[in-house]
């Protein structure tokens, strides 16, 4: 397979959970909108800051309008400055090293299934030092339980 894929991750910075993601064969705005919709469904945030790079998908009229409708504040980093979006760049690097560069892929569906497995492992099994060596999902559950929000702690 001689294809090329793009992946968009939406990350909740608090504990580092990946709350939305999509794989696409093109960099059209619709694929990052799909990742955003997944994150909005999972989190239902309001007044949250959405930080991204200045990729054309993220500064498109459709994407910025959807952020506004959802009550999110848009923030974009400096052009060409990977340090400005360090968490996303770090997760992208891990993903490429642990998934993409490990084998040859037959098709986009195979990449999607591997990405689904990787995101689940990242959120629920990867021990992060900054969280006290627990997975992101566990850190979030513990936080919400500590503030008495049992709906989000479940």
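Residue numbers (full-length UniProt numbering): 1 to 154. Every residue, glycine too, gets a C-beta built ideally from N, C-alpha and C. Because the structure is a prediction, the values reported are computed rather than measured.
CB of residue i within 9 Å of CB of residue j, strictly
i	j	result
residue 42	residue 22	no
residue 53	residue 71	no
residue 62	residue 29	yes
residue 122	residue 91	yes
residue 36	residue 50	yes
residue 135	residue 124	yes
residue 15	residue 137	yes
In DSSP terms, what residue i is bridged to
i	result
residue 22	8
residue 78	Residue 78 pairs with nothing; no bridge assigned.
residue 52	76
residue 134	128
Distance cut-off 8 Å: residue i Cβ against heavy atoms of the ligand GTP
i	result
residue 35	With respect to the ligand GTP, the structure shown offers nothing to examine, as it has no ligands at all.
Option in the options with minimal Cα separation from residue i
i	options	result
residue 4	33, 103, 52 and 108	108
residue 17	130, 63 and 59	130
residue 31	14, 128, 15 and 60	60
residue 27	149, 48 and 55	55
Spatial neighbours of residue i in its chain, beta-carbon cut-off 7 Å, leaving aside the 5 residues before and after
i	result
residue 152	144
Limits of the unbroken alpha helix (DSSP H) element including residue i
i	result
residue 32	29-43
residue 86	86-98
residue 66	61-69
Own chain residues within Cβ distance below 8 Å of residue i, not counting five before or after
i	result
residue 115	7, 21, 23, 95 and 99
residue 132	139
residue 19	10, 11, 12, 38, 39, 42 and 43
residue 87	11, 13 and 16
Contacts around residue i, its chain only, beta-carbon distance under 6 Å, and the 5 residues preceding and following it disregarded
i	result
residue 126	135
residue 158	Residue numbering for the chain in the displayed model covers 1 to 154; residue 158 lies beyond these limits and cannot be assessed.
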